[in-house]
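Reading the sequence shown from the start, the letters are residues 256 to 336 in our numbering.
By construction, the Cβ of each residue, glycine as well, lies at the ideal position given by its N, Cα and C atoms.
Structure record follows, encoded as structure tokens.
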Amino acid sequence: MEWVYRRGSHGVRLAATRLMRGDQVVSEDRHAGWAGAGTRDNVYRINATAIDPAAEYELVGELSSHGGTDSHGEVWLLIEE
């Protein structure tokens with residue numbers, strides 16, 4: 256999963272991205288990243304090999320604003336086979 260900064264006066268600090276099934280963490284990638292000017296370490300890898308197609312899942316990002324909330328971007332889901 257890639258957090259992509261597009262525009263704005265502020266970026267976001269990234270701490271983790273996780274795949275949740277209800278309250279259960281299925282997979283998590285936790286490391287410091289940055290989406291803003293000078294983007295770095297903004298790709299998070301989630302292991303989704305044991306997915307139940309009948310279940311509902313949620314992708315959750317742990318991030319915080321840096322200096323304000325004028326930040327616009329996208330989240331990309333990239334699939335590796």
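Q: Measuring alpha carbon to alpha carbon, tell me which of TRP331, GLU311, LEU332, HIS321 ends up nearest ASP278.
A: On the sequence shown, residue 278 is found 23 positions in, with the first residue counted as 1. Checked all of TRP331, GLU311, LEU332, HIS321; the closest Cα to ASP278 is GLU311.
(Q) For the pair the region 261-268 and the region 300-307, tell me if three or more CB-CB distances fall below 8 Å. (A) no
Q) Residue range of the beta strand (DSSP E) that TYR260 falls in? A) The residue you call residue 260 lines up with position 5 of the sequence shown. Unbroken beta strand (DSSP E) run through TYR260: 257-262.
Q. Under the rule that 16 or more other beta-carbon atoms within 10 Å means buried, what is LEU333, buried or exposed?
A. Taking the first residue of the sequence shown as position 1, residue 333 is located at position 78. With fewer than 16 other Cβ atoms within 10 Å, it is exposed.
Q. At what residues does the beta strand (DSSP E) containing HIS327 begin and finish?
A. Here residue 327 refers to the residue found at position 72 of the sequence shown. Here the beta strand (DSSP E) through HIS327 covers 327-331.
Q: Give a yes or no on whether the C-beta atoms belonging to GLY316 and TYR299 are separated by under 9 Å.
A: Locating residue 316 in the sequence shown gives position 61, counting from the first residue. Locating residue 299 in the sequence shown gives position 44, counting from the first residue. Cβ distance < 9 Å, so GLY316 and TYR299 count as in contact.
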